[in-house]
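Quick notes on the structure that follows.
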Amino acid sequence: MSRLRKNLIAAAVIAVIVGVNLPAVAGFASRQWHDYRINRDDYKARYGHWSFLDVPDEFKVNAIHAALLRTGKVLIVAGSGNNAANFDKGTFKTVLWDPTKPGQAGEFKMIDTPVDFFCAGHVLLPNGNLLIAGGTLRFEVLKSKVKRAGGALVVKNESPHIRRQLHPGTLIAAPNGRLYRTTAHITVPPAEKIESGVPGKARIKPSETKVFAESVVEGAPGVFTSPGGYVKYEIQGLTGREKRNLYAMGADMTLEKQDFQGIKDAYEFDPIAERYIKVQDMAEGRWYPTMTALPDGKVMTVSGLDTVGQITRDNEFYDPQTRTWIPGPKRFFPSYPALFLLDDDTLFFSGMSAGYGPGQLALRPPGIWDYRRDTDRLIKSAGGVGGVAPDEMEAFTPVPGLPEPELNETGASVLLPPAQDQRIMVMGGGPVGERQPGLPNATDRTAIIDLKQPAPRYVRGPDLSDPVRYPSAVLLPDDTVFSFNGSSDYRGRGDSDVLRAEVYRPKSNSFHEAAAPAVGRNYHAEGLLLPDGRVLSMGSDPLFADEAGTIPGSFDQRIEIYTPTYLYNGEKRPMITDGRRMLGMGSRAGFKTPDAERIQEVRLMRPSAVTHVTDVEQRSIKLEFTRVPTGIVVTVPTNPALAPPGWYMLFGVTAKGTPSPARWVHIGGDR
Numbered sequence: 001m002s003r004l005r006k007n008l009i010a011a012a013v014i015a016v017i018v019g020v021n022l023p024a025v026a027g028f029a030s031r032q033w034h035d036y037r038i039n040r041d042d043y044k045a046r047y048g049h050w051s052f053l054d055v056p057d058e059f060k061v062n063a064i065h066a067a068l069l070r071t072g073k074v075l076i077v078a079g080s081g082n083n084a085a086n087f088d089k090g091t092f093k094t095v096l097w098d099p100t101k102p103g104q105a106g107e108f109k110m111i112d113t114p115v116d117f118f119c120a121g122h123v124l125l126p127n128g129n130l131l132i133a134g135g136t137l138r139f140e141v142l143k144s145k146v147k148r149a150g151g152a153l154v155v156k157n158e159s160p161h162i163r164r165q166l167h168p169g170t171l172i173a174a175p176n177g178r179l180y181r182t183t184a185h186i187t188v189p190p191a192e193k194i195e196s197g198v199p200g201k202a203r204i205k206p207s208e209t210k211v212f213a214e215s216v217v218e219g220a221p222g223v224f225t226s227p228g229g230y231v232k233y234e235i236q237g238l239t240g241r242e243k244r245n246l247y248a249m250g251a252d253m254t255l256e257k258q259d260f261q262g263i264k265d266a267y268e269f270d271p272i273a274e275r276y277i278k279v280q281d282m283a284e285g286r287w288y289p290t291m292t293a294l295p296d297g298k299v300m301t302v303s304g305l306d307t308v309g310q311i312t313r314d315n316e317f318y319d320p321q322t323r324t325w326i327p328g329p330k331r332f333f334p335s336y337p338a339l340f341l342l343d344d345d346t347l348f349f350s351g352m353s354a355g356y357g358p359g360q361l362a363l364r365p366p367g368i369w370d371y372r373r374d375t376d377r378l379i380k381s382a383g384g385v386g387g388v389a390p391d392e393m394e395a396f397t398p399v400p401g402l403p404e405p406e407l408n409e410t411g412a413s414v415l416l417p418p419a420q421d422q423r424i425m426v427m428g429g430g431p432v433g434e435r436q437p438g439l440p441n442a443t444d445r446t447a448i449i450d451l452k453q454p455a456p457r458y459v460r461g462p463d464l465s466d467p468v469r470y471p472s473a474v475l476l477p478d479d480t481v482f483s484f485n486g487s488s489d490y491r492g493r494g495d496s497d498v499l500r501a502e503v504y505r506p507k508s509n510s511f512h513e514a515a516a517p518a519v520g521r522n523y524h525a526e527g528l529l530l531p532d533g534r535v536l537s538m539g540s541d542p543l544f545a546d547e548a549g550t551i552p553g554s555f556d557q558r559i560e561i562y563t564p565t566y567l568y569n570g571e572k573r574p575m576i577t578d579g580r581r582m583l584g585m586g587s588r589a590g591f592k593t594p595d596a597e598r599i600q601e602v603r604l605m606r607p608s609a610v611t612h613v614t615d616v617e618q619r620s621i622k623l624e625f626t627r628v629p630t631g632i633v634v635t636v637p638t639n640p641a642l643a644p645p646g647w648y649m650l651f652g653v654t655a656k657g658t659p660s661p662a663r664w665v666h667i668g669g670d671r
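Position 257 of the sequence shown, counted from 1, bears residue number 257 in the UniProt record's numbering, the numbering being contiguous throughout.
Okay, structure coming up:
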């Protein structure tokens with residue numbers, strides 16, 4: 001065989017092989033080109049860069065919550081991680097990540113986790129501890145899985161002399177004699193004796209304690225329908241005075257879907273001791289609550305599914321000085337509401353929430369809540385002054401103009417930088433629940449409200465690059481907002497994650513493309529700013545991997561880090577080398593830096609505590625400053641409603657937007 005013929009045959013064979021494998025070859029070439037392009041210096045300078053965090057297998061968890069601590073470490077809380085098997089076994093996890101340790105991945109540490117913090121609320125306290133409260137008492141039971149009829153009961157006690165423990169399994173009889181078992185331990189407190197000032201005329205206010213009960217028999221025989229709303233149920237096993245004074249009130253016992261139930265447990269996480277510290281339980285169980293820091297160092301806790309799976313409107317204050325809870329004003333909010341502290345010590349509900357609550361728009365309008373007025377009315381009512389009954393809308397002022405208000409679930413909200421501007425932006429979102437007829441599954445809408453206007457109202461902002469729900473939004477020290485990830489359908493159904501990233505610039509009211517992440521993220525996703533100016537991205541809990549809903553989704557435990565363009569612009573970072581740690585409200589403080597002439601802006605940034613793309617903690621505060629021979633002197637705001645007491649990251653920023661590494665400082669209050 002001639003050499004020419006051999007070469008022709010070989011060429012033909014190669015052509016066949018290449019033809020058969022052309023898609024694979026093309027795909028490989030495309031990936032190679034993509035990797036080459038995104039790692040070029042000019043690409044990074046224009047779009048930034050994503051990289052994976054190498055997490056050892058033993059520290060991979062289902063990241064549900066994340067908080068940046070004053071030590072620079074990140075607390076990653078899974079609890080049961082939305083895994084019913086873990087819940088049943090009592091397997092709850094928390095991981096502490098230290099990015100400052102030598103090595104590309106830093107250092108990881110497992111933390112003993114006492115209860116299931118899955119879907120709790122959290123907020124950073126003035127002393128730097130993280131308050132984390134609520135979580136899971138019971139996983140939901142879908143209608144198709146409900147075996148025993150059940151429902152909520154309110155146990156009442158009309159005696160001021162009786163305190164009774166009722167253990168799980170306590171039998172309670174409906175008026176027709178059908179029996180139900182309680183599912184949780186409750187303490188029934190004494191009734192309250194209210195003196196009228198007239199001898200012998202004291203009024204007795206019965207105590208009320210909620211508990212869930214289910215039928216002792218399975219199926220339809222356990223169903224009870226009350227003839228006219230709430231009826232009296234009899235608690236079995238009581239005698240004498242207890243039998244006369246203790247009873248339960250409830251309505252129907254059904255085979256309908258049974259929602260998640262929340263725990264009352266509350267803990268502080270100490271970032272120095274690196275452990276959870278038990279504090280007083282809340283009065284209400286809470287699953288999906290929001291916690292917001294207040295100017296006096298206290299915390300407002302609102303909403304959440306209670307111990308019987310109903311959204312509570314009994315809000316509470318936490319006092320970190322006494323580590324106790326105080327009754328707060330009664331007001332309804334959907335679960336995980338985005339509730340921001342404003343500089344006049346009111347709270348603004350952006351309209352965004354993250355999961356449970358009625359779909360009626362009339363019950364969830366965005367607006368300004370003067371919680372102090374509601375609290376004053378509560379105190380007067382509790383003291384029996386005129387029998388005051390708070391009006392649901394009197395202390396709440398709805399704001400108009402929010403476009404597509406029917407798409408407010410699972411959207412992001414941020415207090416735009418700097419916080420002094422008092423402008424709030426919402427991004428993306430979707431309908432309440434999975435899908436609603438006639439509504440899109442997600443929106444590309446953004447809207448902005450300027451709360452300094454005499455009659456504030458939302459105006460539409462620039463559209464996102466894609467319609468998404470579950471978008472993350474992280475404030476950056478250069479006064480921009482990094483918006484990324486999200487899903488075009490409910491919980492990433494059918495591989496609907498959107499690999500998007502863009503930067504919003506408030507000064508120009510415009511978005512600019514950023515490098516796309518490698519991992520799509522949807523439900524249970526978190527993003528937060530690190531002290532070195534990078535952005536951490538983790539969590540994703542898709543419902544199904546296919547549109548038909550036949551392939552279960554799996555939680556994505558990979559972690560990515562985004563390095564913004566300001567760290568690739570060729571400019572040397574400014575450095576703050578020394579300065580005071582403790583700064584009083586309205587004080588002036590000096591910081592040493594060799595780069596004073598290059599620093600054009602100084603920002604105080606409150607660290608994040610984020611879950612379900614809801615983060616009401618992060619805020620960026622503009623500091624006035626002057627240059628001195630050894631560095632800069634900053635002036636701290638006088639208003640604790642603008643800068644709630646606690647630990648902050650201090651950044652110096654150049655004209656090109658390059659931030660210094662953060663320096664931790666404490667502002668006002670208990671440290």
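Built from N, CA and C at the ideal position, the CB exists for glycine as well.
Between which residues of its own chain and residue 76 is the CB-CB distance below 8 angstroms, once the five residues before and five after are set aside?
For the purposes of this step, residue 76 is taken as the residue at position 76 of the sequence shown. Cβ neighbours of residue 76 beyond the five flanking positions: 61, 63, 65, 66, 94, 95, 96, 97 and 538.
Whole-Å CB distance - residue 125 paired with residue 646, under 8 angstroms assumed
Numbered from 1 along the sequence shown, position 125 holds the residue referred to as residue 125. Numbered from 1 along the sequence shown, position 646 holds the residue referred to as residue 646. Indeed they touch by this definition, with Cβ atoms about 7 angstroms apart.
Rank 593, 484, 48 and 42 by C-alpha distance to the C-alpha of residue 563 and give the top, closest one.
Counting from one through the sequence shown, the residue named residue 563 turns up at place 563. Nearest option by C-alpha distance: 48.
For the segment 66 to 132, which segments carrying the beta strand (DSSP E) assignment without a break, of at least 3 residues, lie completely within its bounds, in sequence order?
74 to 79, 93 to 98, 107 to 111 and 121 to 124
Within a Cβ cutoff of 8 angstroms, which residues of the same chain sit near residue 675, ignoring the five residues on either side of it in sequence?
No information on residue 675 is available, as it lies outside the stretch 1 to 671 that the chain covers here.
According to DSSP, is residue 181 helix, strand or coil?
Counting from one through the sequence shown, the residue named residue 181 turns up at place 181. Residue 181 falls in the strand class under three-state DSSP.
The beta strand (DSSP E) with residue 601 in it runs from where to where?
Here residue 601 refers to the residue found at position 601 when the sequence shown is read from its first residue. First-last of the beta strand (DSSP E) with residue 601: 599 to 606.
What does residue 244 pair with, by DSSP beta-bridge criteria?
Mapped onto the sequence shown, residue 244 falls at position 244. Note: residue 244 is not bridge-paired with any residue in the DSSP secondary-structure output.
Exposed unless 16 or more other CB atoms sit within 10 angstroms - verdict on residue 326
The residue given as residue 326 occupies position 326 in the sequence shown. So residue 326 ends up on the exposed side.
Contact defined as beta carbons within less than 8 angstroms: I believe residue 586 pairs with residue 636. What is the distance between those atoms, to the nearest angstrom?
By 1-based counting over the sequence shown, the position of residue 586 is 586. By 1-based counting over the sequence shown, the position of residue 636 is 636. Confirmed, about 6 angstroms.
For residue 185, tell me which candidate among 466, 81, 231 and 285 has the shortest Cα-Cα distance.
As a position in the sequence shown, residue 185 is number 185, starting the count at 1. If we check each option's Cα against that of residue 185, 285 comes out closest.
Does the distance from the CB of residue 668 to the CB of residue 660 come in under 9 angstroms?
Your numbering for residue 668 matches position 668 in the sequence shown. Your numbering for residue 660 matches position 660 in the sequence shown. Their beta carbons are not under 9 angstroms apart, which means residue 668 does not touch residue 660 by this criterion.
If contacts are defined as beta-carbon pairs under 8 angstroms, then residue 408 and residue 496 qualify, I think. What distance do you get, rounded to the angstrom?
Position 408 of the sequence shown, counted from the start, is the residue given in the question as residue 408. Position 496 of the sequence shown, counted from the start, is the residue given in the question as residue 496. Incorrect: roughly 19 angstroms between the Cβ atoms, too far for contact.
Roughly how many angstroms lie between the CA atoms of residue 579 and residue 604, to the nearest whole one?
In the sequence shown, the residue the question calls residue 579 occupies position 579. In the sequence shown, the residue the question calls residue 604 occupies position 604. About 14 angstroms.
For the segment 233 to 302, list the alpha helix (DSSP H) runs that are entirely contained and at least 4 residues long, ordered along the chain.
240 to 245
Closest by C-alpha distance to residue 343, when choosing among 457, 641, 665 and 35:
Residue 343 sits at position 343 when you count from the first residue of the sequence shown. Measuring from the Cα of residue 343, the nearest candidate turns out to be 641.
Provide the residue span of the alpha helix (DSSP H) that contains residue 203, from first to last.
The residue labelled residue 203 in the question sits at position 203 within the sequence shown. Careful: residue 203 lies outside any alpha helix (DSSP H), inside the beta strand (DSSP E) at 203 to 205.
If you draw a straight line from the alpha carbon of residue 341 to that of residue 293, how long is it in whole angstroms?
Here the question's residue 341 lines up with position 341 in the sequence shown. Here the question's residue 293 lines up with position 293 in the sequence shown. The straight-line gap from Cα to Cα measures roughly 7 angstroms.
Could you pull out every residue in the same chain whose Cβ sits closer than 7 angstroms to the Cβ of residue 383, ignoring the five residues on either side in sequence?
In the sequence shown, counting from the first residue as 1, residue 383 sits at position 383. Since pLDDT at residue 383 reaches only 45, below the 50 mark, its modelled position is unreliable, and no value is offered.
Do the segment 214 to 223 and the segment 136 to 153 make contact, defined as three or more Cβ pairs closer than 8 angstroms?
yes
Let's test the definition: count the other Cβ atoms within 10 Å of the Cβ of residue 628 and tell me whether it reaches 16, buried, or not, exposed.
Along the sequence shown, read from residue 1 onward, the residue named residue 628 stands at position 628. By the 10 Å Cβ count, residue 628 comes out exposed.
Less than 8 angstroms between C-beta atoms, sequence neighbours within five positions excluded: which residues of the same chain meet that for residue 559?
Looking up residue 559 in the sequence shown gives position 559. Correct list, in chain order: 52, 53, 55, 63, 536, 537 and 538.
Can you tell me where the beta strand (DSSP E) holding residue 336 begins and where it ends?
Your numbering for residue 336 matches position 336 in the sequence shown. It is not in any beta strand (DSSP E) - residue 336 carries neither H nor E in the DSSP assignment.
Would residue 470 and residue 410 be called neighbours here (beta carbons separated by less than 9 angstroms)?
The residue given as residue 470 occupies position 470 in the sequence shown. The residue given as residue 410 occupies position 410 in the sequence shown. Contact flag set, yes.
Using the C-alpha atoms, what's the distance from residue 665 back to residue 237?
Along the sequence shown, one-based indexing puts residue 237 at 237. Along the sequence shown, one-based indexing puts residue 665 at 665. Each residue's Cα considered, the two are about 58 angstroms apart.
What beta strand (DSSP E) runs, 3 residues minimum, are completely inside the segment 126 to 166?
130 to 133, 136 to 138, 150 to 157 and 164 to 166
Would you mind sorting residue 215 into buried or exposed? The rule is 16 or more other CB atoms within 10 Å of its CB.
Here residue 215 refers to the residue found at position 215 of the sequence shown. With 16 or more other Cβ atoms within 10 Å, it is buried.
Just the Cα atoms here: how many angstroms apart are residue 73 and residue 275?
Against the sequence shown, residue 73 aligns to sequence position 73. Against the sequence shown, residue 275 aligns to sequence position 275. Distance from the CA atom of residue 73 to the CA atom of residue 275, rounded to whole angstroms, is 13 angstroms.
In the DSSP assignment, find the beta strand (DSSP E) that holds residue 330 and state where it starts and stops.
In the sequence shown, the residue the question calls residue 330 occupies position 330. Counted as a single uninterrupted DSSP element, the beta strand (DSSP E) harbouring residue 330 occupies residues 324 to 330.
Would you call the CB atoms of residue 366 and residue 329 closer than 9 angstroms?
One-based indexing of the sequence shown puts residue 366 at position 366. One-based indexing of the sequence shown puts residue 329 at position 329. It is not a contact, given that the beta carbons lie outside the stated cut-off.
So for residue 38, helix, strand or coil by DSSP?
Along the sequence shown, one-based indexing puts residue 38 at 38. DSSP places residue 38 in helix when its eight states are reduced to three.
How big is the Cα-Cα spacing for residue 266 and residue 131?
For this step, residue 266 is matched to residue 266 along the sequence shown. For this step, residue 131 is matched to residue 131 along the sequence shown. Pairing residue 266 with residue 131, the inter-Cα distance amounts to about 7 angstroms.
So does the segment 508 to 528 actually touch the segment 453 to 470, counting three or more Cβ pairs closer than 8 angstroms?
yes
Outcome for residue 687 when other beta-carbon atoms lying within 10 angstroms are tallied against a minimum of 16
Residue 687 lies beyond the stretch modelled for the chain, which goes from 1 to 671, so this question has no answer here.
What does a CB cutoff of less than 7 angstroms around residue 242 pick up in its chain, not counting 5 residues either side in sequence?
Translated into the one-based positions of the sequence shown, residue 242 becomes position 242. If we look at residue 242 and ignore the five residues flanking it on each side, its Cβ neighbours are 162 and 164.
What does DSSP give as the partner residue(s) for residue 519 in the beta ladder?
By one-based count along the sequence shown, residue 519 stands at place 519. Answer is none; residue 519 lacks a bridge partner.
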